[in-house]
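If you read the sequence shown in the working numbering, its first letter stands for residue 1, the second for the next number, and so on.
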Amino acid sequence: MNRIVTLDEFIIRRQIDFPYASGELTSLLRDLGVAAKIVNREVNKAGLVNILGVADSQNVTGDQVQKLDLYANEKFIDCLKNSGECCGIASEENEDFIPLPGVESKTGKYVVVFDPLDGSSNIDVNVSVGTIFGIYRRTSEQDDACNVNDFLQRGTELVAAGYVLYGTSTLLVYTTGRGVNGFTLDPSIGEFCLSHQNIQIPDRGNYYSVNQGYYLKFDVEMRRYIDHCSDMNLRLRYIGSMVSDIHRILFQGGIFLYPNTRKYPHGKLRLVYECNPLAYIVEQAGGKAITCQLQRILELPVEHLHQRATVAIGSPDMVEEMKAFVERYSAAPTFP
Ligand code: P6P
1 MNRIVTLDEF
11 IIRRQIDFPY
21 ASGELTSLLR
31 DLGVAAKIVN
41 REVNKAGLVN
51 ILGVADSQNV
61 TGDQVQKLDL
71 YANEKFIDCL
81 KNSGECCGIA
91 SEENEDFIPL
101 PGVESKTGKY
111 VVVFDPLDGS
121 SNIDVNVSVG
131 TIFGIYRRTS
141 EQDDACNVND
151 FLQRGTELVA
161 AGYVLYGTST
171 LLVYTTGRGV
181 NGFTLDPSIG
191 EFCLSHQNIQ
201 IPDRGNYYSV
211 NQGYYLKFDV
221 EMRRYIDHCS
231 DMNLRLRYIG
241 SMVSDIHRIL
251 FQGGIFLYPN
261 TRKYPHGKLR
271 LVYECNPLAY
281 IVEQAGGKAI
291 TCQLQRILEL
301 PVEHLHQRAT
311 VAIGSPDMVE
321 EMKAFVERYS
331 AAPTFP
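1) Below 8 Å on the Cβ atoms is my guess for Ser-241 versus Gly-130; work out the distance and round it to an integer in Å.
2) On a CA-only basis, which of Leu-269, Ala-312 and Phe-97 is nearest Thr-61? Give me that one, please.
3) Does Leu-165 come out as helix, strand or coil in the three-state DSSP assignment?
4) Taking only three categories from DSSP, how would you classify Ser-315?
5) Buried or exposed: which applies to Met-232, given that a residue is buried once 16 or more other Cβ atoms fall within 10 Å of its Cβ?
6) Is Val-173 a contact residue of the ligand P6P, with contact defined as CB to any heavy atom under 8 Å?
7) When the Cα of Ile-239 is compared with those of Leu-172, Val-319, Gly-182 and Leu-165, which residue comes out closest?
8) Do the CB positions of Thr-261 and Phe-218 come within less than 9 Å of each other?
9) Provide the residue span of the beta strand (DSSP E) that contains Val-125, from first to last.
10) In this structure, how does DSSP classify Gly-23 when only helix, strand and coil are distinguished?
11) Tell me the rounded alpha-carbon separation between Gly-177 and Leu-70.
12) Compare the beta carbon distance of Ala-377 and Cys-79 with 9 Å and say whether it is the shorter of the two.
13) Cβ of Leu-257 within 8 Å of any heavy atom in the ligand P6P?
14) When we look at the beta-carbon of Ser-315 and count the other beta-carbons within 10 Å, is it buried (16 or more) or exposed?
15) Residues in the same chain with beta-carbon distance under 6 Å from Phe-256, minus the five sequence neighbours each way, listed in chain order, please.
16) Among Asn-206, Pro-116 and Lys-263, whose alpha-carbon lies nearest the alpha-carbon of Ser-91?
17) Look up Lys-45 in the DSSP assignment and say whether it is helix, strand or coil.
18) Excluding sequence positions up to five away, which residues of its chain have a Cβ less than 7 Å from the Cβ of His-306?
19) Any heavy atom of the ligand P6P closer than 8 Å to the beta-carbon of Lys-37?
20) Taking the alpha-carbon positions, what's the Glu-221 to Gln-295 distance?
21) Mark Glu-274 as exposed unless 16 or more other C-beta atoms lie within 10 angstroms of its C-beta, in which case mark it buried.
22) Which value, in whole angstroms, describes the spacing of the CA atoms of Ile-11 and Ser-330?
23) At a cut-off of 8 Å, would you count Glu-274 as near the ligand P6P, judging by its Cβ distance to the nearest heavy atom?
24) Since Leu-152 and Val-302 are thought to touch, with beta carbons under 8 Å apart, how far apart are those beta carbons, to the nearest angstrom?
25) Need the endpoints of the beta strand (DSSP E) that Ala-90 sits in, please.
26) On the premise that Asn-276 lies in contact with Ile-290, defined as a C-beta separation below 8 Å, what is that separation, rounded to the nearest angstrom?
27) The ligand P6P and Asn-147: does any heavy atom of the ligand fall closer than 8 Å to the residue's C-beta?
28) Helix, strand or coil, according to DSSP, for Lys-288 in the structure here?
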């Protein structure tokens, strides 16, 4: 039986990958792991505790806010506030970024972006949901408060990204730019334990993941590609929780699509705290992540915190195939 390797141990051991690392990123990743365990505890008993049901508020992007969203948001903010390694946060649940004061006169070198509970509309029906996070080195002066430009960096500037999937088991998957590793929470010891080392996405898979209900609202080139997936007898799997849908594709191969529609002409998913972190992870696992206009997601200029983007993320051969369909059938200009 393989020796248990906890997330903490793995992160500390991997710190040697960064010759100039002085432990701040290690500490920040461990703090996120703690927040994930706290949120997991409440997600697992959401049906029992009066945190089900829709809170009487909407978040900045107009989504109805579930109480567990608010709880998760608070927990991640609290953990990061006390870490001393993070000087600011941008969350799906907050209109503006949140500058964090230094801890014991130490100001953090990093900013963190996150969606505290993505897919939260699934909570009440016991379908898996997830947390998505990304970590950037601050660009503002170390002794100043952070500013919005710290958060408007391209995805290529990410130093780490990850997600937590609260599903049949709780899994934390992350990358610091040297491959992707997964850790399953062992509730008996309260530790995330290494369960999926050096995750590599298959070159292609049998799944495609898109909200088929919007088919008639997609541009013709996307409809042609979706028809192709169906003609190839691929299986449609769509949970409506980006983390869950991308997780399946990361492990079994496939492609996830959220094209533009009349309602979301720039796409629905948020670039900063959904698309970029997941695109970074999928690319690190050997996959591809582009927009439906064929731009590399990680290279998209970031103009505002809650900016949206179209996405086509997954197995490299399948993303290339989708690209060929767009080039062949698209009336709109595409990017080289
Ligand atoms: P639709 C959840 O609200 C979310 O942001 C993503 O997790 C998910 O992929 C998408 O929206 C689902 O959107 O329009 O298919 O319900």
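Using N, Cα and C, we set each Cβ at its ideal position, and we do this for glycine too.
Answer, in terms of the structure:
1) 6 Å
2) Leu-269
3) strand
4) coil
5) exposed
6) no
7) Leu-165
8) yes
9) That residue, Val-125, is in no beta strand (DSSP E); it is neither H nor E in DSSP.
10) coil
11) 30 Å
12) A query on residue 377 cannot be resolved here, the shown segment of the chain reaching from 1 to 336 and no further.
13) no
14) buried
15) Ser-209, Asp-245, Ile-246, Ile-249, Ile-313 and Gly-314
16) Pro-116
17) coil
18) Val-60, Thr-61 and Arg-270
19) no
20) 15 Å
21) buried
22) 45 Å
23) yes
24) 4 Å
25) 86 to 91
26) Going by Cβ atoms, the distance from Ile-290 to Asn-276 rounds to 13 Å, so no, they are not a contact pair.
27) no
28) strand
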